[in-house]
Every structure is written in structure tokens, then in C-alpha cells.
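Residue numbers (the numbering used here): -19 to 537.
Using N, Cα and C, we set each Cβ at its ideal position, and we do this for glycine too.
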């Protein structure tokens, strides 16, 4: 009998301990409010939400326990049970520098758009302030200290889930990890910690959406110095300052920075009163040679090497040994990003390929969806593209993923999709690209190419100058194009196969006016594909109301 009583007491104590661990939060603010999403001074949308600011325990970069704050935005219709919850969005915020920009103080633009857009997504948004803001405002910012901010984010998620459970706010079925710019970097560190330190915490993301972030910090530093400028030069200064403050580098700011920055580090950065555009304006130039001393502008100097070594020790890829290849990722980066050069983001794609991921630009085809084919857009406009593609994906998710797997109709469409299958599918819908090429090009020219065994290669060589000219018009090089194809999962062999096929004789003599007739999708496939297009067009039109005219044809998929 004693044993039974002792076992019951032990079980009860375990339950109480678990509940105590789950309830590791403190509510600071809880109210119902109207969240308004504004762009260019125009209110594009609003949503009634339950707004909860809360504190929880996490760690600073030195591993010391710290109280961090975060925010939960739960649409009121979910809270009241009038609509079901589809899930939780763990949103990692982008670069901020002033205390009034913290998510718990001011809902930043991108996150607000996820709640207030016309699709009315049924998700609860969770965000951490990260250390240095909100409840930990007395500490320095840990800018791009990846593991620390990821830990803050994940601890905030665990606390938010406990809070929501106690408040009766439904979690829903799905959990997404996302962020753009700094948030794009932090979202990948979040994924890394889920594979390692938090592996037994019961957190499994349905997909991680990372956009526009430097995914190799050391490479980012050297790339910035190589090109010599950055439209957001204050962020580079913030990186150096954060690593110096937190990792005890002992650097004298007068040895790193030139004036006027050298004498204003406390006022412009550590006091956290100025927004980054104002800081960048105060620095006076987007040239790194204007901001950094010659010693730190030379990446091969001993001082710069020491700093780079610290960055490398904190590297995402060097510390992420065995990523879980069953997890799903979406990576987006614009080729013309002047804030975060594309090479600092796409560097992770070949690394992920080595680990067993297969990149594809087609959503859902593989576990690594990539889009580095966006061009002619700087960092901020590309953020809108990332947001729209991410918002569309999470909106479609309940229809595309259910009962533990992918919608079988959609799966059958994308599982073996390649360029040739796209062409053959277009033909099945009545779009015969070979016929179009034969109509557009002179018949004798086509026959010459077909008669010559090396005709395809000769034709490609003849096209090189015109291809270069066409790419130059949009500020791209052939090397850019090759990388874009590679990142999209398209090989040179694929391209050669397509060209060879398109140069071959059409199998039937269709009339020119019938070539463009389009046959409909099968009904099972039609809905998700058409919804994807409809959602993208709806959100693109919505952003245009705020003066954001993103060129839709340059988005990639």
C-alpha cells in the first residue's frame, strides 16, 4: 500500500512540475485591440485581436538566465471560437535598433500584414523581442547572435503555447517558423536549435520560411568589405558592436570606426533611441571605407582576422552538423539586394544539398523550396515578395497537407516535375512550344540546325551574345543566370535537353491559331493551383494600394 501511495505522490509531483514548467510565463499586458496594418501612411487592413505581452525565462549570449518579453497576437474570432485555428506562426523580427520598435512595443510592418491581409489567415502570431529590448532593455542588443536570438524565440514559443493552453486559445494543427532579413537569419538558427538543443522539446515545424537574411555572417562581413558599400551600413556597425559587447572582444571603437561614428557609439547604438535609417544617415555614407578604419576595412589584417574568427565560430553551417532532411524549408533572396548581398544568403543552398536536400523552385516538390530568381528588387520590395509567397503557402497549407501527408492530387503533379514534364504538360493543355518556335523562326534556319549533328551546340554558342545582352539589360550576368538555374534545381543537362527538344520537328501540323488553346486542369489539381495564383494576385493588388508596385513577373514561382 505504501508503494502505491508513494507512486501516486511521485506521479502527482511530476504532473505538478510539468504544469509549473509549462506555466513559466508572466502576463504584462492583455487586452482586445484593433490591429491596423499601415504602409506609406495608408491603412491597408485591420483585424480585431487579443494582444498579450508576456515575460518568460531564456538565456543571454553568455548563457546567463535572462527574462525576455514577447507578444502574442491572436485574432479575436479564433479566441472566441467563431473560426477554427489553423496554427501558430513563430515570427522572428527583422533588424531594429530603437526600443520603441520592439514587437511588444510596436507591431512591425511585416508581422502585421500576416494578420491583417485580405486572406484573413486563421493563425496566431508569436514573436520574441530578443534580448536587449522590452523586458531586457537594460542589456545590449545581440544583433545576429544567432543561437541566442533563436533560443529567445523558441523559449518564447514554449511559454506562449503554455499561456494559450491556460487561456483556452486553440493552437491549431500547424506550426510555422518564419522571418525576413535578420529574421531570415534567426529563423534558420531556430531550425538548427530544433535539430539539436531543443530536439526533445516537442517542437516540429511544418515549414520554415527564410527570406533575405545573411546565412553566413563571416561571409557577409567579407562580402560587404569586398564590394565596399551597403545601403544599410548601420547594420554592419551594429553587428560589430553587438559581438564586441557580448563576446568580450575588448575592441576600442576608435580603432574600428572612423568619425563621426567612433565618438557616437553609445548615443547612436547602445542607448537604443534611434531607428536604423537615422543611424545610417548620421554615419554619412554607405561606403564602408568611410565608416571603418583601414585596419578593419582590410579583411586580411590581423585585427579583422580575429573578428572574422569569432564570426566563424558562431556560424550557422559550421555548428549545424546533421540537419533533419525531413524538415521543409523555403529560402528567398533577391539577386539585386543591396542591403544583404545575395551570395551571403544563397551560400546555404549548396551546403544543404551536401546534407541531402534537393532544391526546387516548385512549392512542395522537395523539402527545400528555393527562390533566388527574383531580380530588379532591392531588400525591402523583395520582402513583399517573400511575404506574399509565404502568406499564400500558409493559407493553402490546410488544403495541401492533411491526414499526415501531402494532398495526393497535388503530390502527383509535383513529385517528378522537371522542365521537360512542364513542356509536355503544356502540350497536353494545347500549348505546343515546339510549334510556336517553328512558326517564329525561319524554316530553313531550323532545318540547318537539325541537319547538323552539332547544330544544337552551334545554336547555343550563337545565342550567347544575345543572351548576355538580354541579361545585361536587367543587370544580370551569365554567372547569375547559371546560379539561378542551379538554385532552382535545374541543371545544364536539363537546359540542353529542352533546347534539343524544342529544336526538333513538331509531331503534328497544328494551325498557328490553335497552338495557344488551353485545356483546363483536372478538377482535383485545378483548385490548389488556381487558388495559389488567386491568392498571390490578391495580395499583390493589396500592396499596390499602399504604393508598393512589385513587378509580378520577376518573382520566380
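Can you name the start and end residues of the alpha helix (DSSP H) that residue i belongs to?
i: residue 235; result: 233 to 236
i: residue 291; result: 282 to 293
i: residue 9; result: Counting along the chain, residue 9 falls outside any alpha helix (DSSP H), though it belongs to the beta strand (DSSP E) covering 5 to 19.
i: residue 277; result: 274 to 277
i: residue 168; result: 162 to 175
i: residue 68; result: Taken as a continuous stretch (DSSP letters only), residue 68 belongs to no alpha helix (DSSP H), being part of the beta strand (DSSP E) at 67 to 72.
i: residue 85; result: Per DSSP, residue 85 belongs to no alpha helix (DSSP H) and is neither H nor E.
i: residue 188; result: First-last for residue 188: 187 to 191, but that is the beta strand (DSSP E), not the alpha helix (DSSP H).
i: residue 223; result: 213 to 227
i: residue 261; result: 256 to 263
i: residue 269; result: 268 to 271
i: residue 334; result: 328 to 334
i: residue 391; result: 388 to 394
Here's the rule I'm using: 16 or more other beta-carbon atoms within 10 Å means buried, otherwise exposed. How should residue i be labelled?
i: residue 25; result: buried
i: residue 116; result: buried
i: residue 208; result: exposed
i: residue 286; result: exposed
i: residue 548; result: With the chain covering only -19 through 537, there is no way to say anything about residue 548.
i: residue 265; result: exposed
i: residue 317; result: buried
i: residue 379; result: exposed
i: residue 148; result: exposed
i: residue 269; result: exposed
i: residue 365; result: buried
i: residue 517; result: exposed
i: residue 137; result: buried
i: residue 241; result: buried
i: residue 424; result: Here the model assigns residue 424 a pLDDT of 49, short of 50, so the residue's position is not dependable and the matter cannot be decided.
i: residue 388; result: exposed
i: residue 11; result: exposed
i: residue 234; result: exposed
i: residue 552; result: What the structure shows of the chain is the stretch from -19 to 537, and residue 552 is not part of that stretch, so it cannot be assessed.
i: residue 293; result: exposed
i: residue 519; result: buried
i: residue 239; result: exposed
i: residue 134; result: buried
i: residue 433; result: The predicted position of residue 433 is uncertain, since its pLDDT is 41 and thus under 50; a value taken from the coordinates is nonetheless stated next. Exposed is the call here.
i: residue 230; result: exposed
i: residue 455; result: exposed
i: residue 390; result: buried
Could you check which residue in the options has the C-alpha nearest to that of residue i?
i: residue 221; options: 194, 195, 207 and 251; result: 251
i: residue 45; options: 37, 407 and 226; result: 37
i: residue 351; options: 253, 28, 322 and 374; result: 322
i: residue 369; options: 379, 381, 354 and 358; result: 354
i: residue 206; options: 58, 305, 182 and 279; result: 279
i: residue 107; options: 386, 478, 258 and 91; result: 91
i: residue 246; options: 201, 77, 454 and 471; result: 77
i: residue 48; options: 313, 302, 55 and 128; result: 128
i: residue 64; options: 153, 99, 520 and 93; result: 153
i: residue 473; options: 399, 371 and 80; result: 399
i: residue 112; options: 522, 150 and 132; result: 132
i: residue 42; options: 120, 523, 300 and 253; result: 120
i: residue 150; options: 186, 56, 130 and 181; result: 56
i: residue 386; options: 7, 308, 101 and 300; result: 308
i: residue 333; options: 319, 358 and 303; result: 303
Taking the CB atoms as reference points, tell me whether residue i and residue j lie closer together than 9 Å.
i: residue 68; j: residue 104; result: yes
i: residue 5; j: residue 35; result: yes
i: residue 160; j: residue 74; result: yes
i: residue 538; j: residue 40; result: Residue 538 falls outside the range modelled here, since the chain spans only -19 to 537, and no answer is possible.
i: residue 343; j: residue 394; result: yes
i: residue 95; j: residue 155; result: no
i: residue 52; j: residue 144; result: yes
i: residue 260; j: residue 214; result: yes
i: residue 218; j: residue 249; result: yes
i: residue 478; j: residue 374; result: no
i: residue 201; j: residue 166; result: no
i: residue 315; j: residue 460; result: yes
i: residue 467; j: residue 339; result: yes
i: residue 126; j: residue 179; result: no
Can you tell me where the beta strand (DSSP E) holding residue i begins and where it ends?
i: residue 35; result: 22 to 39
i: residue 51; result: 45 to 55
i: residue 105; result: 103 to 108
i: residue 311; result: 309 to 312
i: residue 351; result: 348 to 351
Margin query: Contact between the region 187 to 199 and the region 325 to 342 is defined here as three or more beta-carbon pairs at a separation below 8 Å; is this criterion met?
Written below: Contact between the region 187 to 199 and the region 325 to 342 is present: three or more C-beta pairs spanning the two stretches fall below 8 Å.
Notebook entry, point to check: Just checking, does the region 342 to 351 make contact with the region 217 to 233 on the three C-beta pairs under 8 Å criterion?
Noted result: No, the region 342 to 351 is not in contact with the region 217 to 233.
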